[in-house]
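Structure record follows, encoded as structure tokens.
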């Protein structure tokens, strides 16, 4: 009788609590070490362009040549004035460059830092923040190309332009949890990076980057575009750059990606964090 009346309480294992606490502390302590991973990210950029004449400005030159070439070609293909098409193309490629670069390098984030991970007791998340910041620095160099386009063809600057800052913040939050999740999977499966590179090539053409969704035939369904997370990640920052307010669906979609994505990644981090050194 006592066993029947006794409440059914579930006991949480102390080991599970310990893993959750360590994962949470790893993410928080990694953020506190921002002077370290900030310096390392800048060091990565300097090393990449050491002894070059233009240094990191080669990033800007490469981006500028790409935008100009594609703009001249596809503005004619889509029968759009260059002054209208060039800002759209530049803004899209600017944000896509950040997203695709983070994804391409995410599978090797931990394996590239294997020496540090195996020799120094430091939060694993520190390497994630370093990788994302490195791409943000490159993004900052590429912003100069869009600034040049603004001066060349003119882009309306409105109150909506300020939404670019929270838009990029949301993108960075999303790309951080994606980097962490893919980095863990990449430790276990080393062929993940070429898979990501192949998928990104397909996504590039399926996402409105060099083409606008307005070029689709009248009456065509846009549901497959609205379901594309890459479209919303790009649009939430591209629209403000063009002086427009992002759509409500885009805002809700990206916020949901940030919140739900981090929640799921945190659970995976709790489960597999302790295995990262053994997979390396």
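Numbering (the working numbering), first residue to last: 25 to 304.
By construction, the Cβ of each residue, glycine as well, lies at the ideal position given by its N, Cα and C atoms.
What whole-angstrom Cβ distance do residue i and residue j have, given they're in contact under 8 Å?
i: residue 194; j: residue 206; result: At roughly 19 Å, the Cβ-Cβ gap does not stay under 8 Å, so residue 194 and residue 206 are not in contact.
i: residue 184; j: residue 88; result: That belief does not hold up - the Cβ atoms of residue 184 and residue 88 are roughly 25 Å apart, past 8 Å.
i: residue 285; j: residue 202; result: 7 Å
i: residue 154; j: residue 61; result: 4 Å
i: residue 281; j: residue 198; result: 5 Å
i: residue 296; j: residue 204; result: Not confirmed; about 11 Å, so no contact.
i: residue 144; j: residue 254; result: Their Cβ separation, rounded to whole angstroms, is 35 Å, which puts residue 144 and residue 254 out of contact at 8 Å.
i: residue 65; j: residue 157; result: 4 Å
i: residue 267; j: residue 180; result: 4 Å
Using a Cβ-Cβ cut-off of 8 Å (strictly less than) and excluding sequence neighbours within five positions of residue i, which residues of its own chain qualify?
i: residue 30; result: For residue 30, the predicted structure reports a pLDDT of 49, less than 50, and the residue's modelled location is therefore unreliable. A value from the coordinates is still provided. Nothing listed; no residue qualifies.
i: residue 91; result: 110, 113, 114, 117, 169 and 173
i: residue 304; result: 134, 135, 138, 141, 142 and 211
Taking the alpha helix (DSSP H) that residue i falls in, what are its first and last residues?
i: residue 155; result: 149 to 177
i: residue 295; result: 272 to 296
i: residue 215; result: Element bounds for residue 215: n/a, residue is neither H nor E.
i: residue 84; result: 81 to 101
i: residue 124; result: 106 to 130
i: residue 235; result: Where residue 235 is concerned, there is no enclosing alpha helix (DSSP H), given that its DSSP letter is neither H nor E.
i: residue 246; result: No alpha helix (DSSP H) contains residue 246, which DSSP labels as neither H nor E.
i: residue 182; result: That residue, residue 182, is in no alpha helix (DSSP H); it is neither H nor E in DSSP.
i: residue 135; result: 133 to 136
i: residue 73; result: No alpha helix (DSSP H) contains residue 73, which DSSP labels as neither H nor E.
i: residue 263; result: 253 to 265
i: residue 300; result: 300 to 303
Sorted by chain position, which residues of the same chain lie with C-beta nearer than 6 Å to residue i's C-beta, five sequence neighbours on each side aside?
i: residue 298; result: none
i: residue 187; result: 264
Can you list, in chain order, the residues of its chain with a C-beta nearer than 7 Å to that of residue i? Leave out the 5 residues immediately preceding and following it.
i: residue 166; result: 83, 84, 87, 118 and 121
i: residue 275; result: 260
i: residue 234; result: 94, 98 and 113
i: residue 237; result: 246 and 249
Quiz item: Is the segment 45 to 55 close to the segment 143 to 162, with three or more CB pairs under 8 Å?
Solution: yes
Quiz item: Okay, do the segment 258 to 268 and the segment 109 to 120 touch, 3+ Cβ pairs below 8 Å being the bar?
Solution: yes
Quiz prompt | Three-pair Cβ contact test at 8 Å for the segment 103 to 110 versus the segment 159 to 177 | solution = yes
Self-check item: the segment 159 to 166 touching the segment 62 to 73, judged by at least three CB pairs closer than 8 Å
Solution: yes
Quiz item: So does the segment 217 to 227 actually touch the segment 124 to 133, counting three or more Cβ pairs closer than 8 Å?
Solution: yes
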